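Asker:
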Amino acid sequence: MKIALAIFQLEAMGGKERDCLAIAAHLIQRGHDVSLVTTRARDLAFPITVLPAKGMSNHGRARAFADAVIAWHKREAPHLLLSFERVPGADFYYAADDTVAARMAGAKRFLPRGRTYLQLERGVFDNPHARFFFLTDTQRARYAAHYDFDPARGIVLPVILHEERYIALQTAAERDATRREIGLPQDAVAALAVAVKPKQKGLDRSFAALAHFEHLHLVSVGSTEPWIMREAAALKIENRVHVLPYGTNVMSLMRACDFLLHPARAEAAGQVIVESLLAGRPAIVSGLCGYAGAVASSGAGIVLREPFDPQELSTAIATMLAQRDTMTAAAATKAEHLHAERGRWLTVIADALERAGAAQRVPQALQP
68 MKIALAIFQL
78 EAMGGKERDC
88 LAIAAHLIQR
98 GHDVSLVTTR
108 ARDLAFPITV
118 LPAKGMSNHG
128 RARAFADAVI
138 AWHKREAPHL
148 LLSFERVPGA
158 DFYYAADDTV
168 AARMAGAKRF
178 LPRGRTYLQL
188 ERGVFDNPHA
198 RFFFLTDTQR
208 ARYAAHYDFD
218 PARGIVLPVI
228 LHEERYIALQ
238 TAAERDATRR
248 EIGLPQDAVA
258 ALAVAVKPKQ
268 KGLDRSFAAL
278 AHFEHLHLVS
288 VGSTEPWIMR
298 EAAALKIENR
308 VHVLPYGTNV
318 MSLMRACDFL
328 LHPARAEAAG
338 QVIVESLLAG
348 RPAIVSGLCG
358 YAGAVASSGA
368 GIVLREPFDP
378 QELSTAIATM
388 LAQRDTMTAA
398 AATKAEHLHA
408 ERGRWLTVIA
418 DALERAGAAQ
428 RVPQALQP
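Adding 67 to a residue's 1-based position in the sequence shown gives its number in the numbering used here.
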């Protein structure tokens, strides 16, 4: 079966991009003819069609990409189109983000940006034949509050953990070796922040809280934007902040640190949360994170309430420092459960695509 995967870019590897490549690899492994449609890509071992990135604004480029993918789809006619962006007419939509309809309220709906994103999203969900992959039950409910679709068309995926993380965990460097490499004192208590988009993931919130704990260190991986160390210096915590670029072995860092600090402002799921639990490390996370429930149900950390309260974050860190051994033990128990889920999310996606492809072929076979 010929399956196309559409995603805006495959250059900066955020969660959505990593998911896309993992799905592509799994589908190829199951014998499908897979092609990727994008505007930018690194040198990848997949057939790739690069479309021009037109537009002067983010929403303009989103509209242009959707139009270009639709035109490509009509021209190339793959059996199925799975889109990671809001592309009306796609057979499947992978909802990596929360619904635009919930964020574009009031006057924002009528501005060009809001109007464009809402039109694209509405076009996806108005398609009576489309199916949707959601990251959590909560996310599906948020979409259902704005769009009328049969719940059976919205598949909630099992916890998403990439195979590379399981492998990386098996080969993770020794805790002491990683600490020496990044200049982290061997006896220091350290939190880990993983943030390709640092403001969105609440890194500034973590810095503000860190200022109240004079012996706590923070390792931040994913971005080296200049403001990060400027802010650390302004708060006089620069000697306890260790900034690393994207691509550093996250699972080794998980093992080298003591807990995850993730007070995100927006997070549809938060794979880094379950990656932390897989490594046996507890977490402090925002309640809006889709995978916050994994922390709450396991007792392996603390879930912050919404709206965000800086004092609550400081209290949570103090509690973590006092109960770290207990929460770490709970994380180790949760890790065993996560190992049992290995690869299941990919199987669910591939099975759904194959059922849809088979359903398309049956009517054709019945024609005289």
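Note that the Cβ used here is the ideal one computed from N, Cα and C, for glycine as well.
For clarity, every value in this text was computed on a predicted model and none was experimentally measured.
(1) Can you name, in chain order, every residue of its own chain whose Cβ lies under 8 Å from the Cβ of residue 463, other than the five neighbours on each side?
(2) I'd like the list of long-range same chain contacts for residue 359, defined as Cβ closer than 8 Å, with 5 residues on each side in sequence excluded.
(3) To which residues does DSSP link residue 184 through a beta bridge?
(4) With DSSP as the reference, please indicate the residues paired to residue 438 in a beta bridge.
(5) By DSSP, does residue 198 sit in helix, in strand, or in coil?
(6) I'd like to know if the segment 258-278 and the segment 236-250 are in contact, where contact means that at least 3 CB-CB pairs between them fall below 8 Å.
(7) What does DSSP give as the partner residue(s) for residue 70 in the beta ladder?
(8) From residue 292 to residue 271, what distance separates their C-alpha atoms?
(9) Among 132, 167 and 142, which one has its Cα closest to the Cα of residue 150?
(10) Which class does residue 214 belong to by DSSP, given the choice of helix, strand or coil?
(11) For the candidate residues 395, 302 and 376, whose alpha-carbon lies nearest to that of residue 324?
(12) Residue 71 and residue 102: beta carbons closer than 7 Å?
(13) Of all the options 138, 326 and 78, which has the alpha carbon lying nearest to the alpha carbon of residue 27?
(14) With H, G and I counted as helix, E and B as strand and the rest as coil, what does DSSP make of residue 343?
(15) Counting only the same chain and skipping the five closest in sequence on each side, list residues whose C-beta sits under 6 Å from that of residue 213.
(16) Would you mind working out which of 424, 318, 421 and 416 sits nearest residue 245, comparing C-alpha positions?
(17) Going by DSSP, what residues sit across from residue 261 in a beta bridge?
(18) What is the DSSP secondary structure of residue 337, reduced to helix, strand or coil?
(19) Between which two residues does the beta strand (DSSP E) harbouring residue 313 extend?
Answerer: In brief:
(1) Any answer about residue 463 is impossible in this case: the structure gives the chain only from 68 up to 435.
(2) 337, 340, 352, 353 and 370
(3) Beta-bridge pairing links residue 184 to no other residue.
(4) No information on residue 438 is available, as it lies outside the stretch 68 to 435 that the chain covers here.
(5) strand
(6) no
(7) Beta-bridge partners of residue 70 (DSSP): 101 and 147.
(8) 12 Å
(9) 132
(10) In this structure, residue 214 counts as coil in the three-state DSSP scheme.
(11) 395
(12) yes
(13) The structure shown does not extend to residue 27, since the chain spans only 68 to 435, so no value can be given for it.
(14) helix
(15) 166 and 168
(16) 318
(17) According to DSSP, residue 261 bridges with 288.
(18) coil
(19) First-last for residue 313: undefined, no H or E at that position.
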